[in-house]
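Quick notes on the structure that follows.
2 protein chains.
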Amino acid sequence: MSDCIEFWFEFGSTYSYLSAMRVESVAKDEGVTIKWKPFLLGPIFKDQGWDTSPFNIYPIKGRYMWRDIERLCEKYGIAFKKPSVFPRNSLLAARISCIAQDEGWCAEFSRAVFFANFAEDREISDPETINEIVDSIGRDGPKLIAQTKLPEIKNLLRNQTEEAMNRGIFGAPTFIVESELFWGNDRLGDAIEWYKLKVN
Amino acid sequence: MSDCIEFWFEFGSTYSYLSAMRVESVAKDEGVTIKWKPFLLGPIFKDQGWDTSPFNIYPIKGRYMWRDIERLCEKYGIAFKKPSVFPRNSLLAARISCIAQDEGWCAEFSRAVFFANFAEDREISDPETINEIVDSIGRDGPKLIAQTKLPEIKNLLRNQTEEAMNRGIFGAPTFIVESELFWGNDRLGDAIEWYKLKVN
Chain A
21 MSDCIEFWFE FGSTYSYLSA MRVESVAKDE GVTIKWKPFL LGPIFKDQGW DTSPFNIYPI
81 KGRYMWRDIE RLCEKYGIAF KKPSVFPRNS LLAARISCIA QDEGWCAEFS RAVFFANFAE
141 DREISDPETI NEIVDSIGRD GPKLIAQTKL PEIKNLLRNQ TEEAMNRGIF GAPTFIVESE
201 LFWGNDRLGD AIEWYKLKVN
Chain B
21 MSDCIEFWFE FGSTYSYLSA MRVESVAKDE GVTIKWKPFL LGPIFKDQGW DTSPFNIYPI
81 KGRYMWRDIE RLCEKYGIAF KKPSVFPRNS LLAARISCIA QDEGWCAEFS RAVFFANFAE
141 DREISDPETI NEIVDSIGRD GPKLIAQTKL PEIKNLLRNQ TEEAMNRGIF GAPTFIVESE
201 LFWGNDRLGD AIEWYKLKVN
């Protein structure tokens, strides 16, 4: 039996941003625990033959997405500034997020990275930005950034991305309750409902 | 000012089925009028370089979709039997649906076609199936099927599909409130909310 809902996210993903900024408060209201699971969409998109976000490959879909995100941020009361680079490379942030996952500060760090990318238009692939974010939550930036170069840390993220693939994830965010996948920010409510009905 | 929500749908689309079977009752509860707008996804997918549904092109996404549809049908209390052909050719049904649109029986006819495709696994591209459906709602099957060969009827659907493209539709179902698009069955609630807040 599962005791949580897994929240699989990618720092470059706009809809992951929407979920990251509200998942903890929604879950708290419902008495559910969230397990944050960072992964990379790049290798998964590559398997589908894409070298960038489908929102760039299909411009009509892209235009819709940006309008939709703006509208949903207004609805949820979430700050938004359209990033000047999309999607941003999330490798460094995702590696640190994996370390944070094991140490219990993943939600706090990840929200700050999402905010930098989607509310402040900051370059989250730049170590300087990540250093400032890590510092702002009271952690040791230079030490953590150095750790991301270690093979065992690289493997944390690599294995988690592989796990995402093996479990049938093809986009972000994806919520998982045991073996049930719920794809997309829209489906957080359904994931919680499923958890309460079928698991608890 | 708009006096309705436009419901753009495609008979071959699984998520259109979910919306078609519940849109009228949801709208009635909210005091909103729905305008049914059949169109073809084929030409729009072709523009994106696809010769079939993306759920067939990307099997991982396809597997998720079938599980999701099953789960959502259970949630909504909608009958479901996985069609043995997917997506089915919707040309004939969509042409008759365009005639029905002008004559005020589009919702009734379209729901019956969706039901045949997704609850009874019947071949909706077969004139015999369509004939039976039309007959079951008290309309003249042979006459309507003959009409679908007239240039002016072919143009009704062609123009509506072109309108879909021009308005930025890239998938089905899409709800439109004035110029605002809401893509996907999940977004019916948002479309209604938008209508009530911004239009009325």
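Which chain is which? The protein sequence lines are A and B, in order.
Going left to right, the first sequence walks through residues 21 to 220 as our numbering numbers them.
Going left to right, the second sequence walks through residues 21 to 220 as our numbering numbers them.
The beta carbon of each residue, even a glycine, is placed where N, CA and C say it ideally should be.
Model, not experiment: these values are computed from the prediction.
Among the options, the one whose alpha carbon lies nearest that of residue i
i: S104(B); options: Y84(B), N137(B), T168(B), R83(B); result: N137(B)
i: K102(A); options: E172(A), Y37(A), R207(A); result: Y37(A)
i: D122(A); options: P107(A), G97(A), L177(A); result: L177(A)
i: T222(B); options: D155(B), I153(B), P147(B); result: There is simply no residue 222(B) to check, as chain B begins at 21 and stops at 220 in what is shown.
i: L217(B); options: I150(A), N109(A), R91(A); result: R91(A)
i: Y35(A); options: W214(A), V219(A), L208(A), Y215(A); result: L208(A)
i: E200(A); options: D155(B), R83(B), R42(B), L170(B); result: R83(B)
i: N175(B); options: T149(B), I119(B), W214(B); result: I119(B)
i: E182(B); options: Y215(B), G62(B), E50(B), G124(B); result: G62(B)
i: A139(B); options: K163(B), Q180(B), C93(B); result: C93(B)
i: K81(A); options: T149(B), M85(B), K81(B), G204(B); result: G204(B)
i: T149(B); options: D210(B), R108(B), L170(B); result: R108(B)
Proximal residues of chain B, C-beta to C-beta of residue i below 9 Å
i: Q68(A); result: I77, Y78, I80, K81
Environment of residue i [buried if 16+ CB atoms lie within 10 Å]
i: D206(B); result: buried
i: A99(B); result: exposed
i: E172(B); result: exposed
i: G124(B); result: exposed
i: T72(B); result: exposed
i: D155(A); result: exposed
i: D49(B); result: exposed
Beta-carbon spacing of residue i, residue j below 9 Å
i: A127(A); j: W28(A); result: no
i: A132(B); j: P58(B); result: no
i: S45(B); j: A192(B); result: no
i: I54(A); j: I116(A); result: no
i: F226(A); j: D88(B); result: Nothing about residue 226(A) can be reported from this structure: the residues present for chain A run from 21 to 220 only.
i: L60(A); j: S110(A); result: yes
i: G158(B); j: N151(B); result: no
i: S39(A); j: V197(A); result: no
i: V52(A); j: I212(A); result: yes
i: F31(B); j: F134(B); result: yes
i: Y96(A); j: M41(A); result: yes
Under 8 Å by beta carbon: chain B residues contacting residue i
i: D206(A); result: G204, D206, R207
Contact set between residue i and chain A, taken where Cβ atoms lie within less than 7 Å
i: G188(B); result: I80, R83, Y84
Within chain B, partners of residue i - CB distance below 7 Å
i: L201(A); result: Y84
Any chain D beta carbon closer than 9 Å to residue i
i: W86(A); result: Absence of chain D from the displayed structure is noted, the protein chains being A and B.
May I ask you to verify whether the segment 143-161 of chain B touches the segment 66-86 of chain B, counting CB pairs closer than 8 Å and requiring at least 3?
-> no
Does the segment 177-191 of chain B touch the segment 60-67 of chain B, meaning 3 or more C-beta pairs lie closer than 8 Å?
-> yes
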